[in-house]
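Step one of this worksheet: look at the structure below.
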Amino acid sequence: MSSQHTAVASIVYRAGWGDPVVAAAYLHDAIEDMNRHGRRLRRKQLRDAVGTEVARLVAQVSEEKLDEDGQMRPWRARKEGYLESIRTARPEAAAISLADKIHNLWSINQSLDAGEAIFDALSGDAEAQHWFHQSVLDASLTHDDERLPPMRERLRQEIERLDTQVT
9 MSSQHTAVAS IVYRAGWGDP VVAAAYLHDA IEDMNRHGRR LRRKQLRDAV GTEVARLVAQ
69 VSEEKLDEDG QMRPWRARKE GYLESIRTAR PEAAAISLAD KIHNLWSINQ SLDAGEAIFD
129 ALSGDAEAQH WFHQSVLDAS LTHDDERLPP MRERLRQEIE RLDTQVT
């Protein structure tokens, strides 16, 4: 795990969410990304390791990266599926998603502040990043929990910061 995972879990914790949500935030990429051996953790393996509740939350914030033939799905299709999951999942999943996007966009903005060509390393350009992060913010609006508005505001601020830097 990385400092990014720790940061996402910290954002969720500081927003007032309980231990299962914090654990899922820390593990949010566990079934989506490959490990150092080039393998993905299976959902059953995660469920056996951390329990049903945490594993379910991790699944709700994970993209379906591969199609039925094992090929990488297009970026936009992956993001659309992710957004639908955030709209229909539990509020806890929206919190994890918001925390992840707050940190991701903060990192992008830090790179831009340093003059780095960050978009060369990402799948989506500045316009695509704006679209996706704004769409996550919008998807989270389907959930009514008093802990979400401050998280939405933090993401909105990072979106504004991105817009200021790339326009």
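So the sequence shown is numbered by my numbering: it starts at 9 and just counts up by one. Where a beta carbon is used, it is the ideal one built from N, C-alpha and C, also for glycine. Since we're looking at a predicted model, the values are computed, not measured.
- Take A102 as the anchor and find which of H141, L130 and L120 has the nearest alpha-carbon. One-based indexing of the sequence shown puts residue 102 at position 94. Closest by alpha carbon: H141.
Considering only residues of the same chain and omitting the five flanking positions on each side of A23, which have a CB-CB separation below 7 angstroms? In the sequence shown, counting from the first residue as 1, residue 23 sits at position 15. For A23, where only same-chain residues beyond five positions count, the Cβ hits under 7 angstroms are A103, R155, P158 and M159.
| task | Any chance you could list the alpha helix (DSSP H) runs of at least 4 consecutive residues sitting entirely within the region 124–156, in chain order? | result | 134–148
Original post:
Does the region 53–72 come within contact of the region 84–91, defined as at least 3 CB pairs closer than 8 angstroms?
Top reply: yes
Subject >> Close-in-space but distant-in-sequence residues of the same chain around D75 (CB under 7 angstroms, 5 per side omitted) >> reply: Within the sequence shown, numbered from 1, the residue matching residue 75 stands at position 67. Closer than 7 angstroms at the Cβ level, and outside the excluded window around D75, lie R81.
Flag this pair as yes or no: are the beta carbons of H151 and P99 separated by less than 7 angstroms?
Position 143 of the sequence shown, counted from the first residue, corresponds to residue 151. Position 91 of the sequence shown, counted from the first residue, corresponds to residue 99. Taking 7 angstroms as the Cβ cut-off, H151 and P99 qualify as a contacting pair.
Legend entry - Whole runs of the alpha helix (DSSP H) within the region 11–60, excluding any shorter than 4 residues: 11–22, 27–34 and 51–58
- Message: Quick check: the Cα distance between L65 and Y34, rounded to an integer number of angstroms?
- Response: Residue mapping note: residue 65 aligns to position 57 of the sequence shown, counting from 1. Residue mapping note: residue 34 aligns to position 26 of the sequence shown, counting from 1. The straight-line gap from Cα to Cα measures roughly 11 angstroms.
- prompt: Mind checking S105: buried by the 16 CB within 10 Å criterion, or exposed?
  reply: Here residue 105 corresponds to residue number 97 of the sequence shown, with the count starting at 1. So S105 counts as buried.
query: Exposed or buried, E168, counting other C-beta atoms within 10 Å across all chains shown (16 or more means buried)?
result: If you number the sequence shown from 1, residue 168 lands on position 160. With fewer than 16 other Cβ atoms within 10 Å, it is exposed.
Cβ-based burial, D108 [other Cβ within 10 Å; buried from 16]:
As a first step, residue 108 is located in the sequence shown; it is residue number 100 there, counting from the start. The residue is buried, with at least 16 neighbouring Cβ atoms inside 10 Å.
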